[in-house]
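Contents: one structure, followed by commentary.
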Amino acid sequence: MAIDRETLRYLGWWLAFGVLMCLLPFVVGTGTLRILIFAHFLAMFAMSWDFLSGRTGYISFGHPFLIGIAGYTTAILSFRFDVPIYYSIPAAIVATMVGGTLFFLPALRIRGTYFALVTLAFMEILYQLTKVVAPKITGGTRGMSGLESIVTGAVNNYYLSFGIMFVTGVVLWLLIRTRLGIALSAIRMNEEAVRSTGHNTTKLKLFAFTVSAAVSGIGGAFYVHYIGSIAPRGMFEINFLFTILVAALLGGAETIIGPIMGAYFLTVLLEYLRPVMPGMERYLLYGAIALVLYVVRPEGIYSIIADAGRKVQEWRR
Amino acid sequence: MALQILIQGFVLSGLYALIAVGFTMIFSVGRVLNLAYGVYIMLGGYIYYAALQGAGLPVFASFILAILAGVTFGLLTYLLLVRRLEDNPIAVEISTLILAVVMQALIVVIFGAAPKTMWPVIRGVLRFEGISVTMNILLATGVSWVVLGGLMAFVRYTHLGRAIRAVSMDRKGAVISGIEPSFISMVTWALSGAFGAIAGVFFATFTQLDSHMWVFPLIISVAVVIVGGIGSIVGSLIAAHIIGFVETITTTMIAAELRGVSTMLLIILVLLIRPKGLFGRAEL
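Sequence lines, in order, name chains U and A. Start counting the first sequence at 1; every next residue gets the next number (the working numbering). Start counting the second sequence at 1001; every next residue gets the next number (the working numbering).
Right, dumping it as structure tokens:
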């Protein structure tokens, strides 16, 4: 990858974003920080979804499956078998990558709608199984609570969650700017054409799946240790999938920066609506916003901002 | 044991066929998956509940109201959402999934989050050789056969029905023969809403009303489409029976908790071995 001026300019923006977010704890209270921690985890999941589905066009409705594998692996290892979290978290990430390969098998044969449905089926199976199989280990329907936390306090957790999110974001963003990333988005446009140019699409897809799974794994493992509990209901619910999807799409799929924006937007919107609308009304409102935005502007917030930026530059000229 | 499996299997399969028929119709004609289909089922159940147990209307009137709600919502989904995105099936899936979650929230806002129990459409239990089946679920199976038979006659013997089949087989050819595909789409979406609502009333009396109840019927419908393949009513009927019987056998012989797992495994297996479905046309 050639480091051109555009890449440098973008890296400057990333740096500014990083510095700004690192200074934030000196300005805002712990309540806001706790909200932002959730935004960081949501951003991880949305980026993971984006790297697979936004890039290659293989829409996954089963990302909670991957996140669930990570969460349950580290929770079971650390909670039931007293494995230190320095080992259980890496183990969870590896397990998730293996799970991502499982995901990958159907993608060899089917695509589009059918692929999305198989991933949904994977999620449902794991949901049913965690409740039934070995409830002594998984905790059954109630799950597990009182998991070990990595660091304590809002400020520390804020820096931790921001750190992993930021590093993941930059790495993924650099990755999509390489030839590899371009090949992946070519798969979305026309898989046969990519194959006919002599690229091994199977390897390319496997790469996208593994990276996506790894990001989900990191996010999922740190997430359960942050919230300290895990249960099948919250983990494998369609509402969780919906939040991830909406964050990625609302922000702008296929951009990595978009899903981060989407995650901040959604979490902050939901939190600030809480006093006005305590119950499900919030989901009604944000679902409606997402729906309208998706139909009117499928490219998401990122493209609106990018367009605005371009207009400002033209106007300055 | 064998008789119990046979009876329960047939009854459950009838209900599943009824649930899935509206979903497969949309997929056959428009080649899009309507993930908001479960909402028609939920809406049918809730409107029936509100009319019968809330407003005290008679059973028949409540049924009509539920069907009208299903038709209206089906048409609205098509006109406001799907028609704009029709050339992009994935956008349709994503937007209808979002719509489903929005409607779920709306139901909670209107009716509250607590599950509600519905009265059976007809009362009574039929006992036979130590096996008891409620009249309500028998009626559901009967209605399912009537609806499916009617639909089959409709697409075979009426002009409109043949036009629907023509669009489902070859859209361009249908246009050349003077069929207006957007009108046909509207008819299918309206019918789908009506079938969803009818199925919803029976499904809700079979389980209970809650805001999550749209997920399970949706999964069943998807499974029927995948196992049966597209474009064949008989195929989806057989698929509904395969799914119903596999589920009954798993729940009675292995473990009741594995209810959903067998269906999921069936979906994955069929997709991997025969992606076009067991009875469908060769198309993906």
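Every residue, glycine too, gets a C-beta built ideally from N, C-alpha and C. Since the model is a prediction, treat every value here as computed from it, not as a measurement.
Find the residues of chain A that neighbour residue i, judging by a C-beta separation of less than 8 Å, and give them in chain order.
{"i": "L66 of chain U", "result": "Within 8 Å Cβ-Cβ: nothing; L66 of chain U doesn't reach chain A, min ~16 Å."}
{"i": "Y294 of chain U", "result": "A1091, I1094, S1095, I1098"}
{"i": "V118 of chain U", "result": "I1267, I1268, L1271"}
Contact criterion: CB-CB distance below 8 Å. Does residue i meet it with respect to chain A?
{"i": "E271 of chain U", "result": "no"}
{"i": "G258 of chain U", "result": "no"}
{"i": "T113 of chain U", "result": "yes"}
{"i": "Y302 of chain U", "result": "no"}
{"i": "E314 of chain U", "result": "no"}
{"i": "I238 of chain U", "result": "yes"}
{"i": "I163 of chain U", "result": "Per the sequence shown, the amino acid found at residue 163 of chain U is Gly instead of Ile. So no, G163 of chain U is outside the interface."}
{"i": "F209 of chain U", "result": "no"}
{"i": "A134 of chain U", "result": "no"}
{"i": "I59 of chain U", "result": "yes"}
{"i": "L20 of chain U", "result": "no"}
{"i": "E192 of chain U", "result": "no"}
{"i": "L184 of chain U", "result": "no"}
Can you tell me the Cβ-Cβ gap for residue i and residue j, rounded? I've got them flagged as a contact below 8 Å.
{"i": "T7 of chain U", "j": "R177 of chain U", "result": "6 Å"}
{"i": "F1203 of chain A", "j": "I1019 of chain A", "result": "6 Å"}
{"i": "A208 of chain U", "j": "L66 of chain U", "result": "The pair is not a contact, with the Cβ atoms about 13 Å apart (cut-off 8 Å)."}
{"i": "L124 of chain U", "j": "G1260 of chain A", "result": "Checking the sequence shown, residue 124 of chain U turns out to be Glu, not Leu. With a Cβ gap of about 6 Å, E124 of chain U and G1260 of chain A count as contacting."}
{"i": "L1148 of chain A", "j": "I1233 of chain A", "result": "7 Å"}
{"i": "L20 of chain U", "j": "A75 of chain U", "result": "So it is not a contact: roughly 33 Å between Cβ atoms."}
{"i": "T319 of chain U", "j": "P232 of chain U", "result": "What is shown of chain U runs 1 to 317, which leaves residue 319 of chain U out entirely."}
{"i": "G1228 of chain A", "j": "L1278 of chain A", "result": "7 Å"}
{"i": "I1094 of chain A", "j": "L249 of chain U", "result": "7 Å"}
{"i": "A92 of chain U", "j": "G228 of chain U", "result": "With 8 Å as the limit, A92 of chain U and G228 of chain U do not qualify as a contact, their Cβ atoms being about 15 Å apart."}
Applying the 10 Å Cβ sphere with the 16-neighbour rule, what's the burial state of residue i?
{"i": "W49 of chain U", "result": "buried"}
{"i": "T113 of chain U", "result": "buried"}
{"i": "K311 of chain U", "result": "exposed"}
{"i": "G71 of chain U", "result": "buried"}
{"i": "N1088 of chain A", "result": "exposed"}
{"i": "P1058 of chain A", "result": "exposed"}
{"i": "L23 of chain U", "result": "exposed"}
{"i": "F81 of chain U", "result": "exposed"}
{"i": "V1039 of chain A", "result": "buried"}
{"i": "R1165 of chain A", "result": "buried"}
{"i": "H225 of chain U", "result": "buried"}
{"i": "L241 of chain U", "result": "buried"}
{"i": "D4 of chain U", "result": "exposed"}
{"i": "A1286 of chain A", "result": "Beyond the ends of chain A as shown, which are 1001 and 1284, falls residue 1286 of chain A; an answer cannot be given."}
{"i": "D1210 of chain A", "result": "buried"}
{"i": "Q1208 of chain A", "result": "exposed"}
{"i": "N190 of chain U", "result": "exposed"}
{"i": "S1182 of chain A", "result": "exposed"}
{"i": "F26 of chain U", "result": "exposed"}
{"i": "G68 of chain U", "result": "buried"}
Provide the residue span of the beta strand (DSSP E) that contains residue i, from first to last.
{"i": "F1128 of chain A", "result": "1125-1128"}
{"i": "I1131 of chain A", "result": "1131-1134"}
So which residues of chain U does residue i contact, with C-beta pairs closer than 7 Å?
{"i": "T1260 of chain A", "result": "Note that residue 1260 of chain A is Gly in the sequence shown here, rather than Thr. Correct list: E124, Q128."}
{"i": "A1114 of chain A", "result": "Going along chain U, no residue has its Cβ under 7 Å from A1114 of chain A, so there is no contact; the nearest lies around 12 Å."}
{"i": "L1106 of chain A", "result": "L284"}
With a threshold of 8 Å between beta-carbons, can residue i be considered close to chain U, or not?
{"i": "V1029 of chain A", "result": "no"}
{"i": "L1284 of chain A", "result": "For L1284 of chain A, the predicted model reports a pLDDT of 37, less than 50, meaning its position is unreliable and no value from the coordinates is stated."}
{"i": "E1086 of chain A", "result": "no"}
{"i": "A1194 of chain A", "result": "no"}
{"i": "L1033 of chain A", "result": "yes"}
{"i": "V1101 of chain A", "result": "yes"}
{"i": "M1264 of chain A", "result": "yes"}
{"i": "P1219 of chain A", "result": "Before going further, note that residue 1219 of chain A is Ile rather than Pro in the sequence given. Yes - at least one Cβ of chain U is within 8 Å of the one on I1219 of chain A."}
{"i": "I1226 of chain A", "result": "yes"}
Show which residues of chain A have a CB atom less than 7 Å away from the CB atom of residue i.
{"i": "V329 of chain U", "result": "The structure shown has nothing for residue 329 of chain U, since chain U only spans 1 to 317."}
{"i": "A298 of chain U", "result": "The sequence shown places Pro at residue 298 of chain U, not Ala. Neighbours of P298 of chain U on chain A, chain order: A1091."}
If I follow the unbroken alpha helix (DSSP H) through residue i, where does it start and stop?
{"i": "S1095 of chain A", "result": "1089-1111"}
{"i": "I1267 of chain A", "result": "1259-1273"}
{"i": "H63 of chain U", "result": "63-75"}
{"i": "F1063 of chain A", "result": "1059-1076"}
{"i": "E6 of chain U", "result": "5-23"}
{"i": "A1204 of chain A", "result": "1181-1206"}
{"i": "P298 of chain U", "result": "Premise fails: P298 of chain U is in no alpha helix (DSSP H) and is neither H nor E."}
{"i": "M52 of chain U", "result": "The sequence given here places Leu at residue 52 of chain U; Met does not occur at that position. That residue, L52 of chain U, is in no alpha helix (DSSP H); it is neither H nor E in DSSP."}
Report the neighbours of residue i on chain U: residues whose CB is nearer than 9 Å to its CB, in chain order.
{"i": "L1081 of chain A", "result": "L291, V295"}
{"i": "I1249 of chain A", "result": "Under the 9 Å cutoff, chain U gives no residues; its nearest Cβ is about 16 Å from I1249 of chain A."}
Which residues in chain A sit within 9 Å of residue i, going by Cβ to Cβ distance?
{"i": "L245 of chain U", "result": "I1094, L1097, I1098"}
{"i": "K131 of chain U", "result": "E1257"}
{"i": "G140 of chain U", "result": "Those do not exist, as G140 of chain U stays about 10 Å from chain A at its closest Cβ, beyond 9 Å."}
{"i": "E148 of chain U", "result": "What E148 of chain U touches in chain A: nothing, since even the nearest Cβ is about 30 Å away."}
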